[in-house]
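Undergrad: Okay, here's the structure, questions in a sec.
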Amino acid sequence: MSLKGFTVREMLKLPVMEHAVLISGEKGIDRIVQYVDIWEVPDIGNWLREGEMVLTTGYSTRNDPSLLAEMIEQLAKVNGAGVAIKPERFIPHIPQKMIDKSNLYNVPIIQLPIGMAYIDITYHVMEQILNRQAVLLKRSEEVNKALTGLVLNNKGIQVVADKVSELIGSPIWVVGKGGEVLASSPEGYPYEASKKHRQWEVNADQRILGKFVVEKPELDELDLMLIEQARLVFSLELMRKKIAADTETRLRGTFFEELILNPAADERLTASRGRQLGLAPDWTWEVAVLEADEPFYSEESEAVASIGAYIHQVSAARKIRSHLQIYGGKIVLFLPSSQGAERDAAANPGKPFLWSESLQEQLQQWESVRAGISRQCSLFEAHRGYNEARTAVSIGSKLNPGRPLFKYTEVEMIQLLLESTDPVRLGKFVTERVGRIAEYDKENGTSYLFTLYHYLATGGSLNETSKRLYIHRNSVNYRMDRIKSILGVDLGEALNRYELYVCTAYYLLKHT
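If you read the sequence shown in the UniProt record's numbering, its first letter stands for residue 1, the second for the next number, and so on.
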């Protein structure tokens with residue numbers, strides 16, 4: 001017995017239909033018959049359903065045969081099965097317009113003998129339909145029991161995928177929300193998105209967790225029933241994985257938040273807790289702090305989701321576990337590097353992977369997002385790394401607002417200077433060195449002090465300074481001539497350049 005559904009073709013092969021004739025709509029002969037109903041009233045459009053096979057004598061259209069053509073249109077709209085008509089009693093013949101519509105929409109018209117009773121047709125057709133439904137119900141129960149048993153016994157998503165693939169008789173994939181293959185059967189079967197594949201969303205808790213993809217293009221009713229059962233089972237499996245992952249993420253988040261708030265007290269205990277959360281003790285870490293004009297409060301925001309997806313992708317490829325934390329309206333990233341990966345890189349010379357360079361490329365797309373990144377540290381030193389990253393973005397963004405990322409090593413000397421000097425005495429020294437330029441800027445609306453800083457920070461390069469300030473090289477040259485004239489110092493002397501670099505940086509940090 002075919003489980004694709006009882007078709008018009010099969011209906012015509014029933015003994016009771018021996019003297020019935022297919023008049024038109026031959027291309028729709030494989031339409032599925034789900035119901036049989038009798039039409040002898042004019043308002044048929046109100047009750048037609050998908051899979052409806054209509055039996056009629058044409059009584060209600062005896063005064064207006066055009067209604068028969070309209071009925072074909074209405075059946076086509078609801079994907080009805082067709083029309084079986086006895087035309088000789090109330091209408092002389094089947095209207096040509098009805099036949100034309102039948103061929104246009106591929107809705108079969110069957111002419112019945114005048115003496116055939118409707119009950120003979122309905123009994124035998126519904127018997128076939130109900131038999132198929134009984135078989136489907138039994139198979140549905142068997143499939144449900146088999147798949148539910150796998151879930152209850154915690155066999156895992158791969159075992160479930162293998163069973164579903166076996167039952168459908170087709171390779172399948174369970175694909176995550178980000179496009180990653182969570183399971184396939186056969187295991188490892190390559191996946192490429194294709195319009196030829198059939199696919200269904202896998203949902204749980206009103207959220208899309210992924211999709212279920214079947215390679216088999218033609219599916220019968222049993223396949224479709226099985227797919228619905230499989231979707232439910234895959235939803236349960238993905239929800240279980242999600243709950244486990246969320247729990248682990250929450251525990252890891254609590255662990256990293258403790259490292260943010262306070263220095264770790266015991267190195268061995270920190271390493272042990274990290275190991276329990278899947279963090280290898282030999283990994284080295286960089287901590288990055290990302291901030292924006294508008295604080296980050298939700299991991300669902302576009303920037304957070306994009307950055308999180310990126311570091312997850314990189315970490316999966318490098319077989320490490322990074323972590324993203326929202327803390328104080330900022331994004332805090334804990335970015336590990338594996339010594340094993342570094343050894344592999346050394347064995348295969350090329351450009352080594354650096355989180356700072358990789359992140360800088362990602363941040364280019366977010367104009368308002370800026371970041372600071374620490375030196376490498378151990379997990380035990382993560383608190384220090386967090387503070388270094390905060391310092392890097394705080395100092396760096398004031399001195400060079402156009403850049404997306406700043407390394408702590410670039411601002412370390414300035415931080416030490418700020419922390420270890422007498423602010424009153426240093427302030428007086430700075431005013432003596434660059435006060436005239438600052439006053440000139442206030443009085444004339446210029447930005448000579450900022451220009452001087454970037455000129456010195458780039459080693460006196462007119463080209464690099466023009467790039468940083470987004471002005472022409474000749475404009476930088478003109479400004480520098482004016483600055484030298486105002487200050488009255490020789491920038492060719494190393495001591496003058498060093499003093500002015502420190503003083504301009506200090507002034508900008510204190511007054512911007």
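Think of the CB as a built atom: it goes at the ideal place given N, C-alpha and C, for glycine as much as any other residue.
Taking the C-alpha atoms as reference points, what is the distance between Asp37 and Met98?
TA: Going from the Cα of Asp37 to the Cα of Met98 covers about 19 Å.
Undergrad: Can you name, in chain order, every residue of its own chain whose Cβ lies under 7 Å from the Cβ of Ser315, other than the five neighbours on each side?
TA: Cβ within range, chain order: Arg321 and Ser322.
Undergrad: Cα separation between Ser102 and Val41?
TA: So the two alpha carbons sit approximately 20 Å from each other.
Undergrad: Rounded to whole angstroms, how far is the Cβ of Thr284 from the Cβ of Ser337, which I believe are closer than 8 Å?
TA: About 5 Å separates the two Cβ atoms, so the contact holds.
Undergrad: Where do the N-terminal and C-terminal ends of the beta strand (DSSP E) with Ser337 fall, by residue?
TA: Ser337 -> beta strand (DSSP E) spans Lys330 to Ser337.
Undergrad: Have a look at Leu130, Thr391, Leu335 and Met239 and flag the residue whose alpha-carbon is nearest the alpha-carbon of Ile157.
TA: The shortest C-alpha separation from Ile157 is found at Met239.
Undergrad: Decide if Tyr478 is buried, meaning its Cβ has at least 16 other Cβ atoms within 10 Å, or exposed.
TA: Tyr478 is exposed by the Cβ-count criterion.
Undergrad: Need the endpoints of the alpha helix (DSSP H) that Gly274 sits in, please.
TA: Counting along the chain, the alpha helix (DSSP H) containing Gly274 begins and ends at Glu267 to Gln276.
Undergrad: Using a Cβ-Cβ cut-off of 7 Å (strictly less than) and excluding sequence neighbours within five positions of Gln360, which residues of its own chain qualify?
TA: Cβ within range, chain order: Pro404 and Leu405.
Undergrad: Can you check DSSP and say which residues form a bridge with Asn203?
TA: In the DSSP output, where bridge partners are listed per residue, Asn203 has Ile208.
Undergrad: Out of Arg318, Gly179 and Arg497, which has the shortest C-alpha to C-alpha gap to Ser194?
TA: Checking every option, the nearest Cα to that of Ser194 belongs to Gly179.
Undergrad: Which residue marks the beginning of the alpha helix (DSSP H) containing Glu52, and which one marks its end?
TA: Careful: Glu52 lies outside any alpha helix (DSSP H), inside the beta strand (DSSP E) at Glu52 to Thr56.
Undergrad: Provide the residue(s) that pair with His323 in DSSP beta bridges, ordered along the chain.
TA: DSSP, once it has assigned bridges, lists Phe334 as partnering His323.
Undergrad: Measuring only the C-alpha atoms, how far is Leu495 from Ser466?
TA: Their Cα atoms are separated by approximately 24 Å.
Undergrad: Could you pull the start and end residues of the alpha helix (DSSP H) that Asp220 belongs to?
TA: No alpha helix (DSSP H) holds Asp220; DSSP gives it neither H nor E.
Undergrad: Just to confirm the assignment: which complete beta strand (DSSP E) runs, minimum length 3, are found wholly within the UniProt domain "Purine catabolism PurC-like" (10–129)?
TA: If we require 3 residues or more, the beta strand (DSSP E) runs fully inside the UniProt domain "Purine catabolism PurC-like" (10–129) come out as 21–24, 35–38, 52–56, 82–85 and 109–111.
Undergrad: Is Ala81 near Met53, with beta carbons less than 8 Å apart?
TA: Yes, Cβ-Cβ distance for Ala81 and Met53 is below 8 Å.
Undergrad: In the DSSP assignment, find the unbroken beta strand (DSSP E) run with residue 513 in it and report its ends.
TA: Outside the displayed span of the chain (1 to 512) sits residue 513, for which this structure offers no information.
Undergrad: Alpha carbons only, please: which of Asp220, Pro217, Glu294 and His197 is nearest the one belonging to Lys211?
TA: For the residues Asp220, Pro217, Glu294 and His197, the minimum Cα distance to Lys211 belongs to His197.
Undergrad: Starting from the C-beta of Ile121, find all residues in its chain whose C-beta is less than 8 Å away, skip the five residues before and the five after it, and write them out in chain order.
TA: Result list for Ile121: Val16, Met17, Val36, Leu55, Ala84 and Leu112, in chain order.
Undergrad: Would you decide whether Arg343 is buried or exposed? Buried here means 16 or more other CB atoms lie within 10 Å of its CB.
TA: Any reading at Arg343 is ruled out, since the residue's pLDDT is 47, under 50, leaving its predicted position unreliable.
Undergrad: Please work out which residues of its chain come closer than 6 Å, Cβ to Cβ, to Ala346, disregarding the five sequence neighbours upstream and downstream, and give them in chain order.
TA: Below a pLDDT of 50, predicted positions are generally treated as unreliable, and Ala346, at 45, falls in that range; the measurement from the model is reported next regardless. There are no such residues.
Undergrad: Just how far apart, CA to CA, sit Val107 and Tyr189?
TA: Distance between the alpha carbons of Val107 and Tyr189: 41 Å.
Undergrad: Which complete alpha helix (DSSP H) runs does the segment 396–428 hold, if anything under 4 residues is left out?
TA: Complete alpha helix (DSSP H) runs here, min 4: 408–420.
Undergrad: Specify, as a first and last residue, the run of the alpha helix (DSSP H) that Gly176 falls within.
TA: Not the alpha helix (DSSP H): Gly176 falls in the beta strand (DSSP E), residues Ile172 to Gly176.
Undergrad: Going by Cα to Cα distance, which pick from Trp173, Thr57, Asn144 and Val174 is closest to Tyr118?
TA: The residue with the shortest Cα to Cα distance from Tyr118 is Thr57.
Undergrad: Need the endpoints of the alpha helix (DSSP H) that Ala305 sits in, please.
TA: Run containing Ala305: Glu302 to Arg318, per the alpha helix (DSSP H) assignment.
Undergrad: Is it right to say Thr61 is buried, meaning 16 or more other beta carbons lie within 10 angstroms of its own, or is it exposed?
TA: With 16 or more other Cβ atoms within 10 Å, it is buried.
Undergrad: With DSSP as the reference, label Ser185 as helix, strand or coil.
TA: Strand.
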